[in-house]
Structures are given as structure tokens and as C-alpha cells.
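First residue of the sequence shown: 96, per the numbering used here; consecutive thereafter.
Written below as C-alpha cells is the structure these notes are about.
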Amino acid sequence: MKQLQHYIAALTLTCLMTTACSSDSYPGIEYEYDTSSEAVNTEQGQVADLGIPLRVFVNEQSFFAAAALNETRGTGPFIVPDTTAADSVHYCQSVFRLFAFRDRPEQQGPFDYVPDYTRRSGDPNDANGNCLIDGTDYTQGMPAHLKSNHTGEFQMLRPNLRGDTTLHYSERYNDLGYRFFAYHIDDAKILNAQREGSHVYYDLEIDGTQDLMIGQSQKLTPKVLDSRHASVQLTPEQRNKVLNIGNYSSYASNLGIYPIVDMRRLLARLQFRAYPADESCSLVYIDSISIYSKYSGRVVVASRDSSEMDINFDETKRKWFKLKQRRNPSREKELNKDSLGIYSLVDLDYRDNLVEWNDTMSKDDWSKNKYTVIGADMLVPKDSVFQMTMHYRQLVSYNEVDPPEERKFKSEFSLPIPHIDSNFDENTGKWCYKPGKVYYVRIAVYGLRKVGIAEVDLDPWEEGNDLEFEPDD
Numbered sequence: 096m097k098q099l100q101h102y103i104a105a106l107t108l109t110c111l112m113t114t115a116c117s118s119d120s121y122p123g124i125e126y127e128y129d130t131s132s133e134a135v136n137t138e139q140g141q142v143a144d145l146g147i148p149l150r151v152f153v154n155e156q157s158f159f160a161a162a163a164l165n166e167t168r169g170t171g172p173f174i175v176p177d178t179t180a181a182d183s184v185h186y187c188q189s190v191f192r193l194f195a196f197r198d199r200p201e202q203q204g205p206f207d208y209v210p211d212y213t214r215r216s217g218d219p220n221d222a223n224g225n226c227l228i229d230g231t232d233y234t235q236g237m238p239a240h241l242k243s244n245h246t247g248e249f250q251m252l253r254p255n256l257r258g259d260t261t262l263h264y265s266e267r268y269n270d271l272g273y274r275f276f277a278y279h280i281d282d283a284k285i286l287n288a289q290r291e292g293s294h295v296y297y298d299l300e301i302d303g304t305q306d307l308m309i310g311q312s313q314k315l316t317p318k319v320l321d322s323r324h325a326s327v328q329l330t331p332e333q334r335n336k337v338l339n340i341g342n343y344s345s346y347a348s349n350l351g352i353y354p355i356v357d358m359r360r361l362l363a364r365l366q367f368r369a370y371p372a373d374e375s376c377s378l379v380y381i382d383s384i385s386i387y388s389k390y391s392g393r394v395v396v397a398s399r400d401s402s403e404m405d406i407n408f409d410e411t412k413r414k415w416f417k418l419k420q421r422r423n424p425s426r427e428k429e430l431n432k433d434s435l436g437i438y439s440l441v442d443l444d445y446r447d448n449l450v451e452w453n454d455t456m457s458k459d460d461w462s463k464n465k466y467t468v469i470g471a472d473m474l475v476p477k478d479s480v481f482q483m484t485m486h487y488r489q490l491v492s493y494n495e496v497d498p499p500e501e502r503k504f505k506s507e508f509s510l511p512i513p514h515i516d517s518n519f520d521e522n523t524g525k526w527c528y529k530p531g532k533v534y535y536v537r538i539a540v541y542g543l544r545k546v547g548i549a550e551v552d553l554d555p556w557e558e559g560n561d562l563e564f565e566p567d568d
């Protein structure tokens, strides 16, 4: 039998970055209090109080990844739908959670003290003076998903009520301003959840399949009013009152000024693309890709101090994240029909990740060849370098008589972030894979050959630069 030479696939890394955010706010609802509930919000007694319908929006550009309503595993990158059924299901079934707290101490009246984030929305002794919106779980916000009309409007999901139930603003405090918070943590493992006087935070762990997003409302300043709500016609008296309240309220909503929550992404996104590089790339399959990453951190999802809203990962805790792929219905006899069941994430199946050369492709510039997207992308914390491991196989024929022989291989690479301006983090003074940006890892795939080298073809989202380096073999 002819011996095979040891070989390695040449790796080419391309990083594309994009920044997408969005934000706004929204007011509160009225409750008919059940005094037997001991101030625990069951949401069963919430009723409309002849107030203004409660409408909450989000800027669609802030979406990156989100969870499906009934999924029990991370569901990977979320994309505003334009191509696939999975994207459309993601859009309609993505689950976010919402909090709304009084914005500041009032100059006079019963709320002349600092807002207390420990108070419940269903507390009859508080009458919504501190908290307007939270969930049935004390530490969780009210769940919501996006309406299917693609307007970016949230539909709140309330237990024991239909999904299309309309909430209303409270008329009790028509001119009390509130700050609104929205967050998405997918199925990240929550180790500790705390709701304290000034903030709400979670200690959690991720595995590369979840996305983390947080957002809050902006104050209703003249700039915000003119830029985001320019279509609303206000009299001078109405405008002054809205600006004096300073944040979203029942009064503002009655005028057609609806809150829009700006979401901020907390993780970077890696997409892996495999390109046939020459005619030796025949029947090459990618078995797995893993990235060594931080995984344990604390995220603040609501705070009186906006600068606290962020995530901090433990630098000493790292593990291997395995790239996943969408379930392939054609390979399974029975599928879970609930929510995103048929689109949930599973381990890579090499049969779905074939990289194959054809005679129409270019050997001179492989980056122009048709590539295979491997898996469903990976979501990772901010870092300056990642270690990557790839397992792959090739079916090799030595003659026309014997069946092809399957050979399996493993390659390891170090992927430092290219040092260009768009990758520089002013807060830390370091170059890094930045949250809210997508990086395309471009893999040039060859068949059996001697050890090659890797080059980095950096292609940022806005400006192009090139950089080369030789990876660890």
C-alpha cells in the first residue's frame, strides 16, 4: 500500500467586523393587585386600566443571536430573516426579557427617593413606583418575543394569557418617567442570580452556542426626541412636558412616542468558511472545529449606573467550545416539532461539510472559489488570541480497483487578532476580537500534501487590510 505523506491544511483567516446596535425604552402597565399573593408578581391579575396600549420596539440592526422560545440548548446566530426558514423561526420565537424601573428621584411627591430595584411590579405597597415591569421569577424580567410583522415590536408573553394579549400603560402615574431594560442570555447556565437595590446581575457559563445581549432606554433628550421621534407632531407645551419628564411615560406614549430598546452584543461571532484550494482537494470532509475560550462571567442586565451594564469573564477559566451545526432533517427519522426543534444545534456531521474542488475553480486565487460554511457559527468572549483545533478526513483512491481509503487528521492553529485600528479596544488598551463584530475564518483546503503555511487575509467590515503570519503546526 502506498504510504501517505504527513500533511496539513493551509489555514487562511479573514476577519470581517460589523457594529450593530439599537436602543429605546418603554413605560409601565397597571395591575389589579391580589393581596393574598404576598407581593409576589404572578402576572395573573394584570389588567388594562383604560390606559394607552403598551408598545415596545427594538432596532432590528441590534440583533445578532437569540434563543428560540422553547429550546433547551443554545440556538446560535440570529439573523433578521431574508433567506432561510430557520432565520424566520428565530425572528418570531426569539425570547428576550424586560425590566422597567423608575428613572430617578422626583423633585417632590411620594417618589423623591432613589429607585429601589428590589421592589416588585406586583407589590401593592409600592404601586409601581419603583418597578413597572418584571417577570414571575423575582430575578428575571418579563419574557417577550418579536411580532412577525417585522416592525421590531415586542409582544410580551404573560402566563395564562394568550400570546397576543395587549398590555396597557397605567394611568395612575401619567407623568412618571421610567428606564427600560431588555436582555437575552439564551440558555446560558445561570449559577447565581441577584436582584439588588441598584442593579440586577447573573453569574453564568456559556459554551459557544449562546448569544448574550443587553440593552436599555435612552433618556428623552431634545436630540433623541428629534432623531427617533421626528414624525410625532407636538405642540410646544407637549414637547416641554415630555422633555421635563425626561423619560418614557404614559403621557409620552399617548402622544405616539414609543420606546425603542437599543441592544448591545456582548460576544464576538466566528464563522468558518472552507475553500477548495486546488485539484488535490477531493472528498475532504470537516469533522469538527474547536476554539479554546473563556466561558464563565458576570453580566449586569439592569443598573441605575449605565456604566455597570456589561459582562466580565474570568480570565483563569477556559475550555474548548465545539462548533455546532443546524439539525439536518433529511438525516433524522423523527424531529421535535416544538418551536425551533427542527433547527436546533447538534455536533458537526462530516457528511454535511464536504469541501470539493471542480474544474471551474481558480488555483491562483482560491478566495474566489465557492466556499462551504462549516457549522452555524460560534459566539465567543472578547480575547486577543484563540487556539483552534480542526479534525478532518479525506477519502483517498490509489487505483480504480480498490475502494477509497478513509484517512483522518488533526491540525492545531493559533489565531491572534490582527493589529489594526478597528480591532483596538480603547477601554483595555489592547487589540482583540471585539463584541458585536463578525470574523470570517477562511480555510484554504488542500488534499494530501506536505506541511503548508497559513496566511491571514484580513478583510474588516468597513476597511480592507492584509496581514500574513505563519501558524503553529
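In this text, a Cβ means the ideal position worked out from N, Cα and C, and glycines have one as well.
Worksheet item: Which ranges would you report for the alpha helix (DSSP H) in the segment 280-333 if only whole runs of at least 4 residues count?
Response: 317-323
Item to complete: Using three-state DSSP, classify residue 541 as helix, strand or coil.
Response: Looking at residue 541 - three-state DSSP - the assignment turns out to be coil, as it is neither helix nor strand.
Worksheet item: So is residue 323 buried or exposed if we call it buried at 16+ other beta carbons inside 10 Å?
Response: buried
Worksheet item: If you drop the 5 nearest sequence neighbours on each side, which residues of the same chain put their C-beta closer than 8 Å to that of residue 521?
Response: none
Discussion item. Is the separation between the beta-carbon of residue 476 and that of residue 362 shorter than 8 Å?
Written reply: yes
Worksheet item: Which whole-angstrom value describes the C-beta separation of residue 294 and residue 398, a residue pair presumed to lie in contact below a C-beta threshold of 8 Å?
Response: 4 Å
Worksheet item: Span of the alpha helix (DSSP H) holding residue 349?
Response: 345-349
Worksheet item: Do the segment 338-356 and the segment 437-448 meet, that is, are 3 or more Cβ pairs less than 8 Å apart?
Response: no
Practice prompt. Indicate the three-state DSSP secondary structure (helix, strand or coil) for residue 452 in the structure shown.
Written response: coil
Worksheet item: Considering only the beta carbon of each residue, do residue 205 and residue 224 sit closer than 8 Å?
Response: Contact flag set, yes.
Worksheet entry | Which of helix, strand or coil DSSP assigns to residue 337 | helix
Worksheet entry | Closest by C-alpha distance to residue 409, when choosing among 389, 396, 423 and 425 | 389
Discussion item. Mapping the DSSP letters down to three states, classify residue 218 as helix, strand or coil.
Written reply: coil
Worksheet item: Taking contact to mean at least 3 C-beta pairs separated by less than 8 Å, is the segment 450-457 in contact with the segment 374-391?
Response: yes
Worksheet item: Got a sec? Which residues, its chain only, sit under 6 Å from residue 385 by beta carbon, not counting five neighbours each side?
Response: Within the same chain, residue 385 has close Cβ partners 415, 417 and 484.
Item to complete: Starting from the C-beta of residue 196, find all residues in its chain whose C-beta is less than 6 Å away, skip the five residues before and the five after it, and write them out in chain order.
Response: 210, 212, 226 and 274
Discussion item. Short of 6 Å in beta carbon distance, which residues of its chain neighbour residue 272, apart from the five on each side in sequence? Order them along the chain.
Written reply: The beta carbon of residue 272 is closer than 6 Å to those of 198, 340, 341, 342 and 344 in its chain, skipping five residues each way along the sequence.
Worksheet entry | Contact under 8 Å by Cβ, residue 392 with residue 474 | no
Fill in: Secondary structure of residue 357, DSSP reduced to three states
strand
Discussion item. For residue 381, report the span of its beta strand (DSSP E) as first-last.
Written reply: 379-389
Fill in: Beta bridge counterpart(s) of residue 515 as assigned by DSSP
Residue 515 is not bridged to any residue.
Practice prompt. Within 10 angstroms of the Cβ of residue 494, are there 16 or more other Cβ atoms? Answer buried if so, exposed if not.
Written response: exposed
Worksheet entry | Endpoints, the beta strand (DSSP E) within which residue 363 is located | 363-371
Worksheet item: Could you check where the beta strand (DSSP E) with residue 197 kicks off and where it finishes?
Response: 191-197
Worksheet item: For the candidate residues 231, 506, 305 and 524, whose alpha-carbon lies nearest to that of residue 541?
Response: 506
Practice prompt. Use the C-beta contact count for residue 463: other C-beta atoms within 10 angstroms, 16 or more gives buried, fewer gives exposed.
Written response: exposed
Discussion item. The beta strand (DSSP E) that contains residue 153, what's its start and end?
Written reply: 151-153
Worksheet item: Thinking C-beta only, is residue 291 closer than 8 Å to residue 151?
Response: no
Worksheet item: Could you give the distance in angstroms between the alpha-carbon of residue 488 and the alpha-carbon of residue 319?
Response: 55 Å
Fill in: Close-in-space but distant-in-sequence residues of the same chain around residue 480 (CB under 7 Å, 5 per side omitted)
509, 510, 511 and 512, listed in sequence order.
Discussion item. Which residues does DSSP list as the beta-bridge partners of residue 277?
Written reply: Looking at the DSSP assignment, residue 277 forms a beta bridge with 193 and 310.
Item to complete: Below 8 Å on the Cβ atoms is my guess for residue 307 versus residue 406; work out the distance and round it to an integer in Å.
Response: 6 Å
Practice prompt. Could you tell me whether the Cβ atoms of residue 191 and residue 325 are closer together than 8 Å?
Written response: no
Worksheet entry | Three-way DSSP call (helix, strand, coil) for residue 425 in this model | helix
Worksheet item: For the candidate residues 297, 289, 269 and 496, whose alpha-carbon lies nearest to that of residue 282?
Response: 297
Worksheet item: Name the DSSP bridge partner or partners of residue 407?
Response: 393
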